[in-house]
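**Q**
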Amino acid sequence: MARCSPKYLLAIILVLVMVISCTPRPKPESPQDQTPTPVPTAIASPEFSLELPTPTTEDNLFQEAESYVALTHQRLDGNRLLVGSGAMPTEPLDIQLSGKLLWVTAAPVQDNSVWVVVLESGQVQAFQIEDREVSELTLNVLTLPPGMPPVLQVVGNRVELLSPFPDASEYTNPILLEDGIQAYINMDGQLRLISADDTYTLEVNSLPDARILSDGSGRLLFLSAPTERYPHGVLGDLLEATTITLVDTKADSHEIRKIWIDPGDVIEGIIPIWVDLDGDEEREIIVTQSNADTGARIVVYREDGSLFASGEPIGQGFRWRHQLAIGQFIEGGTQEIAVIRTPHIGGVIELYGLEGDRLEIKTVLSGFSSHQIGSRNLDSALAGDFNGDGKIEIVLPGQSQTTLAGIQSIDNDWQIVWRAPLGGQLSTNLAAVTLSNDRLALGVGTSNDILRVWNPKQ
Numbered sequence: 204m205a206r207c208s209p210k211y212l213l214a215i216i217l218v219l220v221m222v223i224s225c226t227p228r229p230k231p232e233s234p235q236d237q238t239p240t241p242v243p244t245a246i247a248s249p250e251f252s253l254e255l256p257t258p259t260t261e262d263n264l265f266q267e268a269e270s271y272v273a274l275t276h277q278r279l280d281g282n283r284l285l286v287g288s289g290a291m292p293t294e295p296l297d298i299q300l301s302g303k304l305l306w307v308t309a310a311p312v313q314d315n316s317v318w319v320v321v322l323e324s325g326q327v328q329a330f331q332i333e334d335r336e337v338s339e340l341t342l343n344v345l346t347l348p349p350g351m352p353p354v355l356q357v358v359g360n361r362v363e364l365l366s367p368f369p370d371a372s373e374y375t376n377p378i379l380l381e382d383g384i385q386a387y388i389n390m391d392g393q394l395r396l397i398s399a400d401d402t403y404t405l406e407v408n409s410l411p412d413a414r415i416l417s418d419g420s421g422r423l424l425f426l427s428a429p430t431e432r433y434p435h436g437v438l439g440d441l442l443e444a445t446t447i448t449l450v451d452t453k454a455d456s457h458e459i460r461k462i463w464i465d466p467g468d469v470i471e472g473i474i475p476i477w478v479d480l481d482g483d484e485e486r487e488i489i490v491t492q493s494n495a496d497t498g499a500r501i502v503v504y505r506e507d508g509s510l511f512a513s514g515e516p517i518g519q520g521f522r523w524r525h526q527l528a529i530g531q532f533i534e535g536g537t538q539e540i541a542v543i544r545t546p547h548i549g550g551v552i553e554l555y556g557l558e559g560d561r562l563e564i565k566t567v568l569s570g571f572s573s574h575q576i577g578s579r580n581l582d583s584a585l586a587g588d589f590n591g592d593g594k595i596e597i598v599l600p601g602q603s604q605t606t607l608a609g610i611q612s613i614d615n616d617w618q619i620v621w622r623a624p625l626g627g628q629l630s631t632n633l634a635a636v637t638l639s640n641d642r643l644a645l646g647v648g649t650s651n652d653i654l655r656v657w658n659p660k661q
């Protein structure tokens, strides 16, 4: 038998080493395949699965029975208004975490609640709160792309996060439609519709951080046609929208309708509010519209693109208004729009009423905030009856973002009806959930890495 010389053997070994070292290693297909950062294990429980009560808020539901979806902006129509009643202020429950909190969301589970937090790193932690007892849970997704808001979904006895596709924009969240279709914005600004049977890609030129709204009947709404022509840049980048896009996913060709705003203006925000403002059973679209000459104003459009109503502009460029929630803030009134003017400078809460084709300010109160400059978190405000007196209040942090306040319209004048210290500076959105007994629970993340929850069960 022929023998190989040492030179030939050495050459063969070198070739094998080079082949092995150059072979590419498979990359994780999705964020949950990555190894998460270790978390505290003082509180632990098995993987989570419980039967649920019928939820109470229609706008938060899929159409299937026994289903619930929790978003950082609360409702699929973009309105940050909750049903139920709370008992604010009350003694909070604090949960220490392992890093800076960025997002919080919550869902009801039987008589209790589940709270999901996303850290600045993208790490996900989840907790069940039962009679003020806390158990840490393991969900199906361990990490999200850093910055992506979570979507907590509960269907039957499953509690899980909606897992993003690899090409999804990391600046916004997907949503699940009532017929099992997942809708999301990808990194190229396209709208993707994914089901078990089909995949559709629609050229819509979306904002990279646009939130997708749904009317529960297959129609979607979001902001599109980004431009840098208004370089205010306080919402995370220099891009602002110049159109509103409405997509009917039930139509054969996925009908796309564009609403173009005034030339020179931009829509300064990432999410409209899409509600029936005047009670005629037709939805209107509320946005903040800005330009360099006169600044921001609140504008309402009909779905056909015609102007429904408009407020007065601030009168100075590079000054922002943040539309927060729609509700009956004035007793005996109709629907009003709660807005905060210049949340980074003085923070003036405005309450708009509809007067023909004009939005008129009914009352104002200064000293509050709803946003931190440079953040894509526009969900640091809520509306609901959080103190249980039968009246809606708007809930906002103060200018220092170390306290929360509930503000009501009393005798047509904003008044503070409760305050609650945060124990640190606000670092997340405001999260809330209506429990099975119609009791509202409220939660926030703070700068000292704490999830603080009020009224986990009363």
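If you count by the working numbering, then the sequence shown holds residues 204 to 661, one letter each, in order. Glycine residues also receive a C-beta, built at the ideal position from the N, C-alpha and C atoms. As the structure is a computational prediction, the values presented were derived from the model and not from experiment.
Below 7 Å CB to CB, which residues in the same chain sit around residue 315 once its five sequence neighbours on both sides are set aside?
**A** Around residue 315: 331, 332, 333, 660.
**Q** Just checking, does the region 288 to 302 make contact with the region 588 to 607 on the three C-beta pairs under 8 Å criterion?
**A** Cβ pair count under 8 Å is three or more, so yes.
**Q** What's the call for residue 653, buried or exposed, on a 16-neighbour Cβ count within 10 Å?
**A** The residue in question, residue 653, is buried, as its Cβ has 16 or more Cβ neighbours within 10 Å.
**Q** For residue 226, which residues from the same chain have a beta carbon less than 8 Å from its beta carbon, with the 5 sequence-adjacent residues on both sides left out?
**A** Reliability fails at residue 226, whose pLDDT of 36 lies under 50, so the model's placement of it is uncertain and no value is given.
**Q** Going residue by residue through the region 382 to 455, where are the continuous beta strand (DSSP E) segments of at least 3 residues, counting only ones entirely within it?
**A** Correct list: 385 to 388, 394 to 397, 402 to 405, 422 to 430, 443 to 451.
**Q** Does DSSP put residue 317 in a helix, a strand or coil?
**A** If DSSP states are grouped into helix, strand and coil, residue 317 belongs with the strands.
**Q** Near residue 519, what residues of its chain come up, given a Cβ to Cβ distance below 7 Å and the 5 sequence neighbours on each side ignored?
**A** Closer than 7 Å at the Cβ level, and outside the excluded window around residue 519, lie 498.
**Q** Tell whether a beta-carbon distance below 8 Å holds between residue 441 and residue 525.
**A** Their beta carbons are not under 8 Å apart, which means residue 441 does not touch residue 525 by this criterion.
**Q** Mind checking who residue 358 pairs with in its DSSP beta bridge?
**A** Residue 358 pairs with 270, 361.
**Q** Should residue 444 go down as buried or exposed, given a rule of 16 or more other Cβ atoms within 10 Å for buried?
**A** By the neighbour-count rule (16 or more Cβ atoms within 10 Å), residue 444 is buried.
**Q** Have a look at residue 567 and residue 595 and give me their C-alpha separation to the nearest angstrom.
**A** Cα to Cα, the separation comes out at about 16 Å.
**Q** Along the chain, where does the beta strand (DSSP E) containing residue 526 start, and where does it finish?
**A** Counting along the chain, the beta strand (DSSP E) containing residue 526 begins and ends at 524 to 530.
**Q** Assuming contact is defined by CB atoms lying nearer than 8 Å, are residue 340 and residue 329 in contact in what I supplied?
**A** Yes, the pair counts as a contact, with Cβ atoms nearer than the cut-off.
**Q** Would you decide whether residue 463 is buried or exposed? Buried here means 16 or more other CB atoms lie within 10 Å of its CB.
**A** That one is exposed.
**Q** How about residue 544 and residue 473: do their beta carbons lie closer than 8 Å?
**A** No, Cβ-Cβ distance for residue 544 and residue 473 is not below 8 Å.
**Q** Going by other Cβ atoms of all chains shown within 10 Å of its Cβ, with 16 needed for buried, is residue 390 buried or exposed?
**A** Classification for residue 390: exposed.
**Q** On the DSSP bridge assignment, give the partners of residue 145 in chain order.
**A** This structure does not reach residue 145, given that the chain is present from 204 up to 661, and the question cannot be answered.
**Q** Could you check what DSSP says for residue 519 in three-state terms: helix, strand or coil?
**A** Note: residue 519 maps to coil in three-state DSSP.
**Q** Between the Cα of residue 282 and the Cα atoms of 528, 637, 633, 555, which residue gives the shortest distance?
**A** Checked all of 528, 637, 633, 555; the closest Cα to residue 282 is 528.
**Q** Would you give the residue range spanned by the beta strand (DSSP E) that residue 491 belongs to?
**A** Unbroken beta strand (DSSP E) run through residue 491: 487 to 493.
**Q** Roughly how far, in whole angstroms, is the beta-carbon of residue 561 from the beta-carbon of residue 513, given that I think they are within contact range, below 8 Å?
**A** Yes, residue 561 and residue 513 are in contact; Cβ-Cβ is about 7 Å, under 8 Å.
**Q** Quick check on DSSP: helix, strand or coil for residue 639?
**A** Note: residue 639 maps to coil in three-state DSSP.
**Q** Consult DSSP for residue 336 and reduce its assignment to one of helix, strand or coil.
**A** Residue 336 falls in the strand class under three-state DSSP.
**Q** If I'm right that residue 650 touches residue 618 with Cβ under 8 Å, what's the distance once you round it to whole angstroms?
**A** No, residue 650 and residue 618 are not in contact; Cβ-Cβ is about 29 Å, not under 8 Å.
**Q** Considering only the alpha carbon of each residue, which of 521, 309, 300, 406 lies closest to residue 326?
**A** Here the closest residue by C-alpha is 300.
**Q** Nearest-angstrom Cα distance between residue 313 and residue 471?
**A** Taking the straight line from one Cα to the other gives about 39 Å.
**Q** Assign residue 499 to one of three DSSP states: helix, strand, or coil.
**A** Reduced to three states, the DSSP call for residue 499 is coil.
**Q** Run the CB neighbour count on residue 336, radius 10 Å, all protein chains shown included, and call it buried at 16 or more, exposed below.
**A** The residue is exposed, with fewer than 16 neighbouring Cβ atoms inside 10 Å.
**Q** For residue 296, report the span of its beta strand (DSSP E) as first-last.
**A** 296 to 299 is the extent of the beta strand (DSSP E) around residue 296.
**Q** Is the separation between the beta-carbon of residue 176 and that of residue 321 shorter than 8 Å?
**A** Since the first residue of the chain shown is 204 and the last is 661, residue 176 is not available in this structure.
**Q** What residue range does the beta strand (DSSP E) around residue 539 cover?
**A** Counting along the chain, the beta strand (DSSP E) containing residue 539 begins and ends at 539 to 544.
**Q** Of the choices 309, 621, 602, whose alpha-carbon is the least far from that of residue 576?
**A** It is 602 whose Cα lies nearest to the Cα of residue 576.
**Q** Within the same chain, show all residues whose beta-carbon is closer than 7 Å to that of residue 434, passing over the 5 residues directly before and after it, in chain order.
**A** These residues qualify, in order along the chain: 441.
**Q** What's the C-alpha gap between residue 274 and residue 308?
**A** C-alpha separation (whole angstroms): 6 Å.
**Q** Once the 5 residues before and after residue 563 are set aside, which same chain residues still bring their CB inside 6 Å of it?
**A** Answer for residue 563: 556, listed in chain order.
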